[in-house]
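**Student:** Before anything else, here's the structure in question.
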Amino acid sequence: MSQNSYNQFCPIAMACEILEPRWTLLIMCEMWSGSMRFNEIRRGVPRMSPTLLSKRLKEMEVRGLITRREDGVTGAVTYKITPVGNELGPIVHALGQWAHRNVDSEVTLEHLDARLLMWNIRRKVDRNALPMKQKTTIQFMFRELETEQPSYWLIAKPGCDVDICWSDPGFDVDLFVSAELKAMTSAWLGLSRLEKEIDDQKIELIGDELLASTIGTWLVRSTLAGC
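Residue numbers (the numbering used here): 1 to 227.
So, in C-alpha cells, the structure goes:
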C-alpha cells in the first residue's frame, strides 16, 4: 500500500488516490482537448517538468486512465484516454463549472501565463468563421511583457488546423491584437465581455476591418465561459 494512501475502503477515498497526484486532471484535460503526443501535452501544462510529466503518464497508464501506443515504424508515441478515463469527463467539466461560478475572478487572474493562454486560444479559433478564406495571420502582442515573449502569431490556412508560432514567421500580418494580458485572459475565460475590453482600449485591433469586426465570432471563448 502506498504511503500516500488514505487506507480507507470509501470509494471516494480510492478515487482521490487515483486522481489527486498533482497535474493528473490537467493532463487529462489537455488530452481531451486533442493533445496526443508528449510535447503537445507538455505545452498545455508548461509549468510541469518533462520528468514529472513522464512519471505521471506512466502512473496514469498503470491505473488504466490512458493507453500508450508506439508506432513500430516511426517510433512515434501517442497517448489516448481509455473509456474508463473518459467517464471522468463530465465530472471534471462539472468541477470546472463550479470553480468558474464560485472562485473569485481576481483570484483566478492572479497567475497569468501568455504562452498557455495562446496555446488554448489557438485551438479554439473557429477557422470556418474567419472572413478571409486564404491564409490569415494574426499577431497577438501583450503590452506588459517586456522581459518575456511579448508576441505570438496564429496562422490559419484553408483545410488545416490553426497553427501557432512562437517567433515571427515572416508573413504579412492581417490583424494585430494589442492587449493587456489580464484583459485578454479575462475575456477568453468569460469573466468579462470581449466587447467591453475593446471599448475600454484594453484590447486594440489594428488591421483588416472585417477580421477585426468579427473577432467575437471566430475567437471562440473557453468552454466554461458560459457557466
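All C-beta atoms in this analysis are idealised placements derived from N, C-alpha and C, irrespective of residue type, glycine included. Values in this document were obtained by computation on a predicted structure and should not be read as measured data.
Please tell me whether residue 32 and residue 81 are closer than 8 Å, where the distance is taken between their beta carbons.
**Tutor:** yes
**Student:** Should residue 18 and residue 27 be called a contact, given that it needs their Cβ atoms to be closer than 8 Å?
**Tutor:** No.
**Student:** Report the three-state DSSP secondary structure of residue 165 (helix, strand or coil).
**Tutor:** strand
**Student:** Determine whether the beta carbon atoms of residue 124 and residue 45 lie at a separation below 8 Å.
**Tutor:** No, Cβ-Cβ distance for residue 124 and residue 45 is not below 8 Å.
**Student:** With a threshold of 7 Å on Cβ separation, who are the neighbours of residue 248 within its own chain once the five nearest residues in sequence on each side are excluded?
**Tutor:** Residue 248 lies beyond the residue range present for the chain, which begins at 1 and ends at 227; the question has no answer from this structure.
**Student:** Quick one: complete beta strand (DSSP E) runs, 3+ long, within the region 83-169?
**Tutor:** 136-142, 151-156 and 163-165
**Student:** Take residue 151 as the anchor and find which of 184, 65 and 140 has the nearest alpha-carbon.
**Tutor:** 140
**Student:** For residue 1, which three-state DSSP category applies?
**Tutor:** Here residue 1 scores only 43 on pLDDT, less than 50, and its place in the model should not be relied on; the value that follows carries that caveat. Here residue 1 carries a coil assignment [DSSP, helix/strand/coil].
**Student:** In the DSSP assignment, what are the bridge partners of residue 203?
**Tutor:** In DSSP, residue 203 forms a bridge with 179.
**Student:** Any idea if residue 1 is buried or exposed, counting beta-carbon neighbours within 10 angstroms, 16 or more meaning buried?
**Tutor:** With a pLDDT of only 43 at residue 1, under 50, the local geometry of the prediction cannot be trusted, and the value read off the model is given with reservation. By the Cβ neighbour-count rule, residue 1 is exposed, with fewer than 16 other Cβ atoms within 10 Å of its own.
**Student:** Are residue 156 and residue 217 touching if we call contact CB-CB under 8 Å?
**Tutor:** no
**Student:** Do the region 89-96 and the region 104-115 touch if we need at least three Cβ pairs shorter than 8 Å?
**Tutor:** no
**Student:** Where residue 58 and residue 215 are concerned, what is the direct C-alpha to C-alpha distance, given to the nearest angstrom?
**Tutor:** Their Cα atoms are separated by approximately 40 Å.
**Student:** Any C-beta of chain C sitting closer than 8 Å to the C-beta of residue 75?
**Tutor:** As a matter of chain content, chain C is missing from the structure shown, which is built from one protein chain.
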